[in-house]
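First the structure, in the form of structure tokens, and then the observations on it.
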Amino acid sequence: MSRPSVAVIGAGAFGVRHLAAYRSLGVPVAALVEPDPATRARVAAQYRVPQAYADVAALLADTTPDAASVCVPGPAHRAVAVALLDAGVPVLVEKPLATTVADATAIVATAGRTGVLCQPGHLLRHSPPHRALHDAIRAGRLGDVLAVSSRRDRPRTLSRLFPREHPALLTAVHDIDLALWYAGAPVVEVRAAARTRPGSATPVLVWAELRHANDVVSSIRNSYLLPENTPHHTSDLVEVYGTDGVAHVDLGHPTLLVQGEPTEAPDWLLSPVDGGGALAAELRHFLSRIDGTAPTAVVPLADGLHVVQVAEAVAGSADSGGAVRRLP
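Each residue of the sequence shown is one higher than the last, beginning at 0 in numbering that gives the first Met the number 0.
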């Protein structure tokens with residue numbers, strides 16, 4: 000597939016990042032789907048997308064793209080992904096795969112029934128430092144993994160932008176996925192706590208402890224407590240403890256930090272606004288999975304489902320005062 004016909008579904012902040020990343024790869028986006036007319040017209044013009052549609056039904060009535068990035072809000076993932084898979088369109092579904100286990104299971108079942116590729120969009124598995132840490136673990140440089148610890152702090156803005164989405168299913172999915180990847184085993188037990196602050200309908204602090212099938216333990220801490228203008232990625236930390244050593248990836252030291260009004264730290268690593276970075280690597284892998292040049296998935300679909308199962312268990316444990324939730 001030398002020049003695939005790609006569609007981007009959703010023209011929000013991350014849909015725009017996908018458009019820029021495809022452009023950085025030299026892959027033209029043939030279609031954009033966005034329900035808001037003004038946003039649809041503006042983004043299609045900015046990125047020179049020749050066809051724009053209000054919904055997926057209109058897209059599929061007109062054309063069948065070779066691939067699609069699903070960048071709509073999480074609660075809409077099931078309807079959009081299932082429609083595209085049923086039409087034979089391979090999809091990359093931004094994280095999380097869905098916001099409920101039932102929806103994620105339906106997506107997985109549709110992919111299995113149709114035999115069409117569905118790739119969960121877990122970006123950090125394509126980040127060079129996170130991949131290097133994974134490679135060091137698998138090479139045995141830390142000995143046997145004993146524990147994984149991660150911290151992810153975000154500005155209070157997220158409580159306002161996502162008033163009904165639990166942090167476990169919004170930001171903590173990154174850390175759950177890294178825990179699965181580094182531990183090398185599924186999660187079998189979850190215990191979590193959450194705290195709120197005045198004016199927030201959902202938690203602003205989630206603290207979870209996971210036990211994996213191989214007895215690795217993982218600790219996950221997510222907060223929405225930083226000042227409103229804090230850059231999103233400047234406190235992220237993941238640590239891995241092994242019998243022979245300790246390693247970490249620390250994004251708390253940005254390449255560029257402008258401490259003005261507002262403070263700015265451009266993301267040069269994961270999803271830079273002009274394309275490239277780990278997002279471009281993820282899309283390159285997605286396209287290579289479609290044309291067969293990458294036979295092995297970096298993020299197996301089963302892992303995408305399991306992340307949602309664990310995240311739902313984290314939210315459930317926190318809501319029930321820290322009761323242990325066990326996963327089969």
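By construction, the Cβ of each residue, glycine as well, lies at the ideal position given by its N, Cα and C atoms.
Item	Value
Residue range of the unbroken beta strand (DSSP E) whose run includes glycine 244	244-249
Own chain residues within Cβ distance below 7 Å of glycine 11, not counting five before or after	Cys70
Cβ neighbours of alanine 146 in the same chain (closer than 6 Å, five flanking residues each side left out)	Val216, Tyr240
Beta-bridge pairing of asparagine 221 - partner residues as DSSP gives them	Arg151, Val205
Contact check, arginine 328 vs valine 237, beta carbons under 8 Å	With the chain running from 0 to 327 in the structure shown, residue 328 is simply not present.
Spatial neighbours of histidine 133 in its chain, beta-carbon cut-off 8 Å, leaving aside the 5 residues before and after	Arg124, Trp180, Tyr181
Arginine 324 versus valine 172 - alpha carbon distance	17 Å
Neighbourhood of leucine 300 by C-beta, 7 Å cutoff - its chain only, sequence neighbours within 5 removed	Val107, Ala110, Cys117, Pro119
8 Å Cβ cutoff met for alanine 53 and alanine 29	no
Inter-residue CB distance, proline 265 and asparagine 228 (contact presumed, cutoff 8 Å)	The Cβ separation is near 14 Å, so there is no contact.
Stretch-stretch touch, CB-based, cutoff 8 Å, three pairs: the stretch 267-275 with the stretch 142-159	no
Leucine 84 versus arginine 130 - alpha carbon distance	29 Å
Inter-residue Cα distance where the pair is valine 100 and glutamate 311	7 Å
Completely contained alpha helix (DSSP H) runs for the stretch 11-66, where each covers 4 or more residues	12-23, 36-45, 55-61
As assigned by DSSP and simplified to three states, the class of threonine 170	coil
Range covered by the beta strand (DSSP E) that runs through glutamate 188	186-194
Backbone CA spacing between threonine 195 and threonine 201 [nearest angstrom]	7 Å
Close beta carbons around serine 68, own chain, < 6 Å, minus the five adjacent residues each side	Val7, His17, Leu91
Cβ pair valine 42, valine 15 closer than 8 Å	yes
Helix, strand or coil at proline 119 [DSSP, three-state]	strand
Closest Cα partner of glycine 198 within the set Ala82, Leu224, Arg288	Leu224
Secondary structure of valine 323, DSSP reduced to three states	coil
CB of alanine 66 within 8 Å of CB of valine 81, strictly	no
Neighbourhood of threonine 98 by C-beta, 6 Å cutoff - its chain only, sequence neighbours within 5 removed	Gly73, Pro74, Leu168
DSSP three-state assignment for glutamate 93, whether helix, strand or coil	strand
C-alpha gap between alanine 314 and proline 162, whole angstroms	15 Å
Cα-Cα separation between glutamate 208 and threonine 63, rounded to whole angstroms	44 Å
For glycine 276, the first and last residue of its enclosing alpha helix (DSSP H)	276-290
Simplified DSSP assignment, three categories, for arginine 124	helix
Neighbourhood of valine 203 by C-beta distance below 8 Å, restricted to the same chain and skipping five residues each side	Arg155, Ser158, Pro166, Arg194, Thr195, Arg196, Ser222, Tyr223, Leu224
In DSSP terms, what histidine 133 is bridged to	DSSP, once it has assigned bridges, lists no residue as partnering histidine 133.
Given isoleucine 289 as reference, the closest of Ile219, Thr254, Gly114, Asp174 once Cα atoms are compared	Gly114
Aspartate 235 versus arginine 112 - alpha carbon distance	38 Å
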